[in-house]
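Here the structure is laid out as structure tokens; the discussion comes afterwards.
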Amino acid sequence: MEPQHIHEDVPGGVPLKTWTQGVPVEDAAKRQLQNAARLPIVFKHIAAMPDVHFGIGATVGSVIPTVKAIIPAAVGVDIGCGMMACKTTLTAEDLPDNLGPLRAAIERAVPHGRQPGSRDPGAWQKPPGSVNTAWAQLEPEFTELCRDYPKIAKTNHIQHLGTLGSGNHFIEVCLDEAGAVWFMLHSGSRGVGNFIGTMFIELAKQDALRHQANLPDRDLAYFEEGSRYFGDYVRAVGWAQKFAATNREVMMKRVIEAAKTVIHKNFQAHIEAVNCHHNYVQKETHFGQEVYLTRKGAVSAKAGQLGIIPGSMGARSYIVRGKGNADSFESCSHGAGRVMSRGDAKRQFTLADHRAATEGVECRKDKDVLDETPAAYKDIDAVMAAQRELVDVVHTLKQVVCVKG
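Using the working numbering, the letters of the sequence shown map in sequence onto residues 127 to 531.
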């Protein structure tokens, strides 16, 4: 059988293997991928997922294996951003006819977006007990990081634990193909992860001025093993990834508790729970070589491993099982992927367009979410078709409630 991916040789670099048949890829993203492929630290090839698009620093939807080195901008500033979903024992019939109170209960339970009168995305004024308990597991390592980098202590760390953020982060109530109710959410390491990512990206750029004269793009500055900041970055990024996973767990518990105040039926959750990063780096072995594998907007899809590929505010999402495809470095897409910038979406679409695209979904329908309207994203069906050799679909989810920051 013909492989589904497209192979492209890059002069002076490793090849690109892209799973993009039937989906648009802008030229800027292709150039970004080619620049990364020319780095001397990249091993074998770079894989690009069907949701691939131009990103700040490095291409979203790329999987980059590096030997004894890491590119901080390829991991990005939303370190550990990812998805969590859990199935419940509820069915569609158990949901109230009016979903407004359910959405309102979730919005009260989880700080999100930007607080009125504040420049800071929704944070706790006083973190509740569940947040303090979760923070206690993260605090010892955080204190060590702050000893070496005191400015990290000034971030909203505990105040952002168990909070959603804004942009493309969301909480949804969904129905699967059999009518079962799922809760699903998307968020990462919030302010503290952003600070860590930004700080080390800058340090890598400064280091590169002295040691990496021939970089194809300054954003691709990297730390090599044994260099001054390498160990610190590995430690900090690992902690931020733990924060992100914990953040999703805390939010999910609060979403379930909030739902129980509105849905007057006993139910269980966390059946088939999945919690996966899609912006992260970790040590893995591929093609016999130990590498630091950076997935920027990509999900681990090892054989049998469950993952989550969300659509947009008005489209289906998928719970998938990985096929362990070696050429993709056992990865799949992290979503539909943007097809236009936020600014273009706000200029191109009207509120009427957005309301039509999100008909039947209890969600925000105001001008401040136009940049997240479904038409700003690639067609999720085309994205799924392009990665048939990477994953199998286990469940198809359609949202009925969507909370956006």
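For glycine and all other residues, C-beta sits at the position ideal for the given N, C-alpha and C.
Beta-carbon proximity list for residue i, same chain, < 8 Å, skipping 5 on both sides
| i | result |
| --- | --- |
| valine 257 | Trp250, Ile284, Leu287, Gly288 and Val376 |
| arginine 514 | Gln130 |
| arginine 354 | Asp333 |
| valine 407 | Ile196, Ala200, Val201, Val363, Tyr418, Leu419, Thr420 and Arg421 |
C-beta atoms of residue i and residue j nearer than 7 Å
| i | j | result |
| --- | --- | --- |
| glycine 323 | isoleucine 205 | yes |
| alanine 304 | threonine 372 | no |
| glycine 463 | proline 436 | no |
| aspartate 220 | lysine 391 | yes |
| lysine 213 | isoleucine 397 | yes |
| lysine 422 | alanine 184 | yes |
| alanine 195 | isoleucine 167 | yes |
Residue burial classification, residue i (beta-carbon count within 10 angstroms, cutoff 16)
| i | result |
| --- | --- |
| serine 467 | exposed |
| glutamate 485 | exposed |
| isoleucine 327 | buried |
| glutamate 351 | exposed |
| lysine 143 | buried |
| isoleucine 182 | exposed |
| leucine 516 | buried |
First and last residue of the uninterrupted beta strand (DSSP E) at residue i
| i | result |
| --- | --- |
| lysine 213 | 208-217 |
| aspartate 177 | 172-179 |
| asparagine 161 | First-last for asparagine 161: 153-163, but that is the alpha helix (DSSP H), not the beta strand (DSSP E). |
| methionine 310 | 306-313 |
| alanine 399 | 397-403 |
| leucine 329 | It is not in any beta strand (DSSP E) - leucine 329 instead sits in the alpha helix (DSSP H) that spans 316-337. |
| phenylalanine 393 | It is not in any beta strand (DSSP E) - phenylalanine 393 carries neither H nor E in the DSSP assignment. |
| cysteine 458 | 457-459 |
As assigned by DSSP and simplified to three states, the class of residue i
| i | result |
| --- | --- |
| serine 443 | strand |
| aspartate 135 | coil |
| isoleucine 506 | helix |
| arginine 374 | helix |
| proline 237 | coil |
| lysine 194 | coil |
| alanine 421 | With the sequence shown as reference, residue 421 is identified as arginine, and alanine is not the correct amino acid for it. In this structure, arginine 421 counts as strand in the three-state DSSP scheme. |
| lysine 524 | strand |
| glycine 433 | strand |
| histidine 286 | helix |
| histidine 480 | helix |
| aspartate 518 | strand |
| glycine 448 | strand |
| glutamate 298 | strand |
| phenylalanine 169 | coil |
Nonlocal neighbours in the same chain, by C-beta distance under 6 Å from residue i, ignoring five residues either side
| i | result |
| --- | --- |
| phenylalanine 169 | Pro191, Val193, Gln415 and Val417 |
| glutamine 525 | Glu298, Cys300 and Val487 |
| histidine 295 | His312, Ser313 and Gly531 |
Element boundaries [alpha helix (DSSP H), containing residue i]
| i | result |
| --- | --- |
| proline 266 | 255-274 |
| aspartate 470 | 468-474 |
| leucine 142 | Taken as a continuous stretch (DSSP letters only), leucine 142 belongs to no alpha helix (DSSP H), being part of the beta strand (DSSP E) at 142-144. |
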